[in-house]
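Data block below; observations after.
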């Protein structure tokens, strides 16, 4: 199921422009635009951007809403789900490379 969700936002060209949003503990919504080829890549890149900008970051069960611009679709993923996906088995060297890059961006270290 993780692989299926991870591939849900693929466009005809392999990447999509996405807006990722989360609502913090004070009820304030934060959004960032990213370009990604999968749901979890969009979530990981957004968390990295939120951290880099100093915005309160999503944690644990907070939901990240990923809205794909073309065709417009929306998905939700929790930080826990993102972290589980990053730690799950991979099916190809390309997928391992993506997960390793995201783990590094998020400061989660490499599993190797």
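In the working numbering, the protein residues as written are 94 to 205. Ideal Cβ placement from N, Cα and C applies to all residues, glycine included. A quick note: this is a predicted structure, and the numbers were derived from the prediction, not measured.
Would residue i and residue j qualify as a contact pair, given that the criterion is a beta-carbon distance under 8 Å?
| i | j | result |
| --- | --- | --- |
| residue 114 | residue 166 | no |
| residue 163 | residue 122 | no |
| residue 136 | residue 161 | no |
| residue 196 | residue 175 | no |
| residue 168 | residue 132 | yes |
| residue 127 | residue 149 | no |
Taking buried to mean at least 16 other C-beta atoms within 10 Å of its own C-beta, is residue i buried or exposed?
| i | result |
| --- | --- |
| residue 200 | exposed |
| residue 192 | buried |
Output needed for residue i: all residues of its chain with C-beta closer than 7 Å, excluding positions within five of it in sequence on either side, in chain order.
| i | result |
| --- | --- |
| residue 153 | 172 and 173 |
Pull up the distance between the alpha-carbon of residue i and that of residue j, whole angstroms please.
| i | j | result |
| --- | --- | --- |
| residue 147 | residue 125 | 13 Å |
| residue 95 | residue 120 | Any reading at residue 95 needs caution, since the residue's pLDDT is 49, under 50, leaving its predicted position unreliable; the model's value is listed next. Each residue's alpha carbon lies about 29 Å from the other. |
Runs of beta strand (DSSP E) lying entirely within the region 151 to 187, each at least 3 residues, in chain order:
Within the region 151 to 187, the complete beta strand (DSSP E) runs of at least 3 residues are 156 to 161 and 166 to 171.
Which complete beta strand (DSSP E) runs does the region 120 to 146 hold, if anything under 3 residues is left out?
With a minimum length of 3 residues, the unbroken runs of beta strand (DSSP E) contained wholly in the region 120 to 146 fall at 122 to 129.
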